[in-house]
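Have a look at the structure below, then the notes.
Numbering (this note's numbering), first residue to last: -3 to 271.
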């Protein structure tokens, strides 16, 4: 008997005629969930309908002992998930959690959980995307420490930087959009490189970085997934170029995370001063 299975569950696996299907549940960070099954018909489990998606397929799930990251990939049509191509590109699935389990559709019971984790990198083509399924061990596969550099390594407004968002947050409305990367707004930050989040319209909850500010014109680092319309609201934060001089503008020089007096490559490679 396999570890973790009772006699009734093991009996299902021992049958010559299969009555097992593999199911996948994806939970977005906003609470929206998607359900898929490899069976040729929909399956209802605990009130949730797992769709037999024609464009859904999955690779074999690889699992190992130790701290190695288990992984697999799924491919699905965006139409089957109820998402458009632009929504996938916008990162609607970023940080989503997943669970793969095997289900006895004749006995109406879950047999075994094959894996849980978060979605990883995804490749996108017209109408089809492939997403990597990463296990929880992925969270342990992260670098510890930091790189010595002149500029600050902290994120603006985080618990180490401690710069206040009060007085550095601006709310505005798009008045004249010119492209997906540039628009004229009713409110602009004093310093660029800050975060902007759209709070209405097709790009709601999409966050980007302000590359430049000129008068009332805001230029984004990367284009938003959908066209901007007049009247769309947003909030934008003052940014920071990570230098000690700009850190002083926020009154956080004691929390500066860089090494401003560290010599650069030019100083290290220059000939000695023998005078």
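Even glycine gets a Cβ: it sits at the ideal position worked out from N, Cα and C.
- Annotated as proximal: residue 185 and residue 206, with beta-carbon spacing under 8 Å.
- The Cβ-Cβ distance between residue 149 and residue 247 does not fall below 8 Å.
- According to the DSSP secondary-structure assignment, residue 125 is paired through a beta bridge with 72, 120.
- In the DSSP assignment, residue 265 falls within the alpha helix (DSSP H) that extends over 261 to 265.
- The alpha-carbon of residue 218 is positioned some 11 Å away from that of residue 86.
- Beta-bridge annotation (DSSP): residue 100 is paired with 16, 105.
- When only Cα atoms are considered, residue 101 and residue 166 end up about 54 Å apart.
- The Cβ-Cβ distance between residue 22 and residue 92 falls below 8 Å.
- Bridge pairing for residue 47: 32 [DSSP].
- The C-beta of residue 78 has fewer than 16 other C-beta atoms within 10 Å across all chains shown, which makes the residue exposed.
- Out of 118, 236, 182, 16, the CA that lies nearest to the CA of residue 211 is found in 182.
- Nearest neighbour of residue 69 by Cα position, chosen from 43, 98, 117, 80, turns out to be 117.
- DSSP, reduced to helix, strand and coil, places residue 241 within a helical segment of the structure shown.
- For the beta strand (DSSP E) assignment, the uninterrupted runs of no fewer than 3 residues enclosed by the region 180 to 209 are, from N- to C-terminal side, 191 to 194.
- In this structure, the alpha-carbon of residue 105 lies about 20 Å from that of residue 29.
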